[in-house]
Amino acid sequence: MGRQSKPGVRKKSGERNPESSELSQVEERRGSVRQPTFKAGEVILPDAGALDCIIRNVSENGCLIKIENAGALPDKISIRIDRDKPPRQAEIIWRSSTLAGAMFIRELS
Numbered sequence: 059m060g061r062q063s064k065p066g067v068r069k070k071s072g073e074r075n076p077e078s079s080e081l082s083q084v085e086e087r088r089g090s091v092r093q094p095t096f097k098a099g100e101v102i103l104p105d106a107g108a109l110d111c112i113i114r115n116v117s118e119n120g121c122l123i124k125i126e127n128a129g130a131l132p133d134k135i136s137i138r139i140d141r142d143k144p145p146r147q148a149e150i151i152w153r154s155s156t157l158a159g160a161m162f163i164r165e166l167s
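So the sequence shown is numbered by my numbering: it starts at 59 and just counts up by one.
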């Protein structure tokens, strides 16, 4: 019989099973809950170039984008989620080879 992991206990691989309180802390830090989605989007670069991407989840504060060579994205970009709406300014918070987490920059009114 195999051993079952308990919440918060390290597995042999060194990873932890996050407890529900840990997950809620992540949501609290983000300020809003991200909704899973699968939308075509566009990353607009500062040099006026644009790249197609997939929006994997979105909230009022940010989104997760899937894009080739995400590691090469600049820190400041614009993201167009809906083709009929203006792009939103964003800052890349983290990136991997194909994914990037972006935080929307609030415009001052």
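For every residue, glycine included, the Cβ atom is placed at its ideal position computed from N, Cα and C.
Would you report the Cα separation of Gln147 and Gly107, rounded to the nearest angstrom? Roughly 15 Å separates the two Cα atoms.
DSSP three-state label for Ala128, please. Here Ala128 sits in helix by DSSP.
In the DSSP assignment, find the unbroken beta strand (DSSP E) run with Val101 in it and report its ends. Boundaries of the beta strand (DSSP E) harbouring Val101: 93-102, taken from the DSSP string.
What does the alpha-carbon distance come out to for the pair Ala98 and Arg164? Answer to the nearest angstrom: the Cα atoms are 22 Å apart.
Measure the alpha-carbon distance for Asn119 versus Glu126 and round it to whole angstroms. Distance from the CA atom of Asn119 to the CA atom of Glu126, rounded to whole angstroms, is 23 Å.
Residues bridged to Asn119 (per DSSP): DSSP lists no bridge partner for Asn119.
Leu157, DSSP secondary structure in three states: Judged by DSSP in its simplified three-state form, Leu157 adopts strand.
With 16 other Cβ atoms within 10 Å as the buried cut-off, status of Gly129: Gly129 is exposed by the Cβ-count criterion.
Between Asp105, Leu157, Val101, Gln93, which has its C-alpha nearest Arg141's C-alpha? For the residues Asp105, Leu157, Val101, Gln93, the minimum Cα distance to Arg141 belongs to Val101.
Could you pull the start and end residues of the beta strand (DSSP E) that Ile135 belongs to? Start and end: 134-138.
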